[in-house]
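*Asks:*
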Amino acid sequence: MKILVLNCGSSSLKYQLLNMENEQLLVKGLCERIGIDGVLKHERNEIKYEASIAMPDHNAAVKIVLEALLDKNHGAISSIDEIHAVGHRVVHGGEFFSDSVLIDDKVEAAIEACCDVAPLHNPPNLIGIRACKTVMPGKPQVAVFDTAFHQTMPKKAYLYAIPYELYEQHKIRKYGFHGTSHKYVSMQAAKLLGKPYASLKIITCHLGNGASICAVNKGASADTSMGFTPLEGLAMGTRSGSVDPAVVAALIDRGICPSVQAAIDLLNKKSGMLGLSGVSSDFRDIESAKKDGNARAETALDVFYYKVAKYIGEYAAAMNGVDAVVFTAGLGENSIATREAICGYLSYLGVEVDSEKNNCRGKEIDFSTECAKVRTLVIPTNEELVIARDTKSALQK
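In our numbering, the protein residues as written are 1 to 397.
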């Protein structure tokens, strides 16, 4: 069974083709600058191919992906019939979905109904779904939701202390995101530790330009740092993370922002590490600036480390203990300094880091000392594999 995994952005389309008989990655690639000029980046067996190709819309991009998959030189299939289904990453499923589902008209309508709470993500996700319907009519499609893994959160975790009617009537609540990543790395953590998934208390730290923490209690999401939107929680590349809601009013009242939307845009696009450091939203640039003596860069990193450590402490309390802390995503997998700084706050939990083991990038490892009471792990995330697995499971159901 071959599954095509698609992750659609407003002007981009990431794809992977996996053979689910052995979970082998056959090809992967990226269509960029859709609607502008178009660039295809395609890779098979570590051999990379790049071409400038006109992509006026996502329908054209999907056709180009299929042509790349069929290409005699760098493709992986001889017929579209070899693709059994398409799995789509969909960011927001609201309270409609607690699992991945086959897409039909009702599912499509529900995804569209969530566009107002995920305006940057759900519309392009829908574009990808509809493009596949046009280009591959009748091919089964599955929606895999970032929010689904977090639907196990109890009310005490997802409700905001605002009038309850706002939840009942408008579904204003915490939803959480990065669910496929948190699900994958927590399950991998159990395998690495050699213990049953349902017996463990795991805190997963998805740290990248977008970042979130999740408390995974006995195989289920118990709480997570992102909220009604991905703006809540940690300070991120350009996002402020949690701030006093009155800040929005202050930005408007003091003439800094002309409207609520402008204030939200400031918190989403001009804040976080970029706003604090004045250097960049890229942690690598900020770490480099810190080494050069930039005080604001050092402060920005200190804020980030501190807030991550606070969430870890909060979730250890929420679960009444923790067995493992897992680091994943671009920063969590690759920044030795980030892991070391965050773990420096956690000795009270029984975290002890082996500096030699921690001196690694992008590989699965337990970097705890032998006597540490709480294990600290690096596990590279693989959201595409989760999407392919869920797509296969939805087909079999």
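The beta carbon of each residue, even a glycine, is placed where N, CA and C say it ideally should be.
So G87 is in the beta strand (DSSP E); what residue range does that whole segment cover?
*Replies:* To locate residue 87, count along the sequence shown from 1; it is residue 87. Counting along the chain, the beta strand (DSSP E) containing G87 begins and ends at I83 to V90.
*Asks:* Would you list, in sequence order, the uninterrupted alpha helix (DSSP H) runs of no fewer than 4 residues that lie entirely inside the region 230–281?
*Replies:* Runs found: 246–253, 260–269 and 272–277.
*Asks:* What three-state label does DSSP hand T299 in the structure shown?
*Replies:* Position 299 of the sequence shown, counted from the start, is the residue given in the question as residue 299. Looking at T299 - three-state DSSP - the assignment turns out to be helix.
*Asks:* Grab me the residues of E112's own chain with a C-beta within less than 8 Å of its C-beta, minus the 5 sequence neighbours each way, in chain order.
*Replies:* Taking the sequence shown and counting its residues from 1, one reaches residue 112 at position 112. Around E112: N122 and L126.
*Asks:* Under a Cβ-count criterion, where at least 16 other Cβ atoms within 10 Å of its own Cβ denotes burial, should S79 be classed as buried or exposed?
*Replies:* Your numbering for residue 79 matches position 79 in the sequence shown. Result: exposed.
*Asks:* In the DSSP output, which residue or residues are listed as bridge partners for V101?
*Replies:* One-based indexing of the sequence shown puts residue 101 at position 101. According to DSSP, which records beta bridges pairwise, V101 is partnered with A143.
*Asks:* S100 and A143 look like a contact to me (Cβ under 8 Å); what is the Cβ gap, rounded to whole Å?
*Replies:* In the sequence shown, counting from the first residue as 1, residue 100 sits at position 100. In the sequence shown, counting from the first residue as 1, residue 143 sits at position 143. With a Cβ gap of about 6 Å, S100 and A143 count as contacting.
*Asks:* My parser needs the alpha helix (DSSP H) runs of 4 or more residues fully inside the region 308–376; what are they?
*Replies:* Correct list: 329–334, 336–343 and 355–358.
*Asks:* What are the residues that DSSP puts in a beta bridge with R44?
*Replies:* As a first step, residue 44 is located in the sequence shown; it is residue number 44 there, counting from the start. DSSP lists I47 as partners of R44.
*Asks:* Compute the beta-carbon to beta-carbon distance between L207 and S240, rounded to the nearest angstrom, for a pair I have assumed lies under 8 Å.
*Replies:* Indexing the sequence shown from 1 puts residue 207 at position 207. Indexing the sequence shown from 1 puts residue 240 at position 240. The Cβ separation is near 16 Å, so there is no contact.
*Asks:* Do A316 and L349 count as a contact pair if the criterion is CB distance below 9 Å?
*Replies:* Taking the first residue of the sequence shown as position 1, residue 349 is located at position 349. Taking the first residue of the sequence shown as position 1, residue 316 is located at position 316. Closer than 9 Å, so yes.
*Asks:* Terminal residues of the continuous beta strand (DSSP E) containing C214?
*Replies:* Your numbering for residue 214 matches position 214 in the sequence shown. A211 to N217 is the extent of the beta strand (DSSP E) around C214.
*Asks:* Closer than 8 Å is the cut-off here; do at least three beta carbon pairs connect the region 253–267 with the region 289–296?
*Replies:* With the cut-off at 8 Å, the region 253–267 and the region 289–296 do not touch.
*Asks:* Can you check which of these residues, I103, I34, P56 and L17, is closest to L395 by C-alpha distance?
*Replies:* Along the sequence shown, one-based indexing puts residue 395 at 395. It is I103.
*Asks:* Identify whether C399 lies in helix, strand or coil by the three-state DSSP scheme.
*Replies:* No answer is possible for residue 399: the residues shown for the chain start at 1 and end at 397.
*Asks:* Inspect the beta-carbon positions of L25 and I83 and report whether they are closer than 9 Å.
*Replies:* On the sequence shown, position 25 is the one that residue 25 refers to. On the sequence shown, position 83 is the one that residue 83 refers to. Going by C-beta atoms, L25 is not nearer than 9 Å to I83.
*Asks:* Hey, could you find the ends of the beta strand (DSSP E) S221 is sitting in?
*Replies:* Here residue 221 refers to the residue found at position 221 of the sequence shown. A220 to T224 is the extent of the beta strand (DSSP E) around S221.
*Asks:* Can you tell me the Cα-Cα spacing of H58 and H92, whole angstroms?
*Replies:* On the sequence shown, position 58 is the one that residue 58 refers to. On the sequence shown, position 92 is the one that residue 92 refers to. Distance between the alpha carbons of H58 and H92: 20 Å.
*Asks:* Can you tell me where the beta strand (DSSP E) with H206 in it begins and where it stops?
*Replies:* One-based indexing of the sequence shown puts residue 206 at position 206. Note, H206: beta strand (DSSP E), K201 to L207.
*Asks:* Sort out for me which residues DSSP pairs L4 with in a bridge.
*Replies:* By 1-based counting over the sequence shown, the position of residue 4 is 4. Paired residues: L17 and V86.
*Asks:* Do G87 and L4 have their CB atoms nearer than 9 Å?
*Replies:* The residue given as residue 87 occupies position 87 in the sequence shown. The residue given as residue 4 occupies position 4 in the sequence shown. In contact: G87 and L4 (Cβ atoms closer than 9 Å).
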